[in-house]
Amino acid sequence: MSEKEPELNTIGTATLVVGPQDLASSISSQTGDEFPPVLATARMIALMEIAAARVLQPLLGPGELSVGVTIDVSHTAPTPLGAQVTATARYARREGKLFLFEVSVADPGGEVGRGRHERAIVSNERLQSAAAKRVG
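The opening residue of the sequence shown carries number 6 in this note's numbering; numbering runs sequentially from there.
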């Protein structure tokens, strides 16, 4: 695994126009579950992960990828269908094998979420092998 790291404060971004599949109301198909037709927290987090992964992309060797390890975020405002959201990940520091990021998401009305995210660089083959062992 790489011992390199991005320069401090390196920024990665990811943008999305909120579609029907990105809404909280599309999360569950179970009868009785009800969620609002606004950007799902899970989708906001995914966008934050993409932004952070883009910062680490130049460090990846053959067969490597970055994976999310922890995330601690607040989702503070609703974003409607059709609005554009942009996630920003700022590289803050490295702690051992973990790369730490400050992440945020904004729409035209301002910030909708903020938090911390940690990623690690791993071997794709090793990750897939470990995952396969988890299924009977």
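Quick reminder that beta carbons are idealized off the backbone N, C-alpha and C, glycines included.
Note that the structure is predicted; figures quoted are calculated from it, not measured.
Item, Value
"Can you list, in chain order, the residues of its chain whose CB lies under 8 angstroms from that of residue 38, leaving out five sequence neighbours each side?", "32"
"Take residue 18 and list the residues in its own chain whose beta-carbon comes closer than 7 angstroms to its own, dropping the five residues that flank it on each side.", "56, 91, 92, 93"
"Do residue 11 and residue 86 count as a contact pair if the criterion is CB distance below 9 angstroms?", "no"
"Alpha carbon to alpha carbon, how far is residue 49 from residue 30?", "14 angstroms"
"From this set, 41, 43, 42, 54, which residue's C-alpha is nearest residue 20's C-alpha?", "54"
"Please report the straight-line C-alpha distance between residue 78 and residue 52, rounded to a whole angstrom.", "12 angstroms"
"DSSP puts residue 21 in a beta bridge; with which residues?", "90"
"Between residue 136 and residue 68, what straight-line distance do the alpha-carbon atoms span, to the nearest angstrom?", "16 angstroms"
"Checking 9 angstroms against the spacing of the C-beta atoms, do residue 134 and residue 104 come in under that value?", "no"
"Excluding sequence positions up to five away, which residues of its chain have a Cβ less than 6 angstroms from the Cβ of residue 82?", "117"
"Leaving out five residues before and five after residue 130 in sequence, what residues of the same chain have Cβ atoms less than 8 angstroms from its Cβ?", "68"
"By the DSSP assignment, the beta strand (DSSP E) with residue 75 in it spans what residues?", "69 to 80"
"Report the rounded CA-to-CA distance for residue 100 versus residue 107, giving the unit in angstroms.", "14 angstroms"
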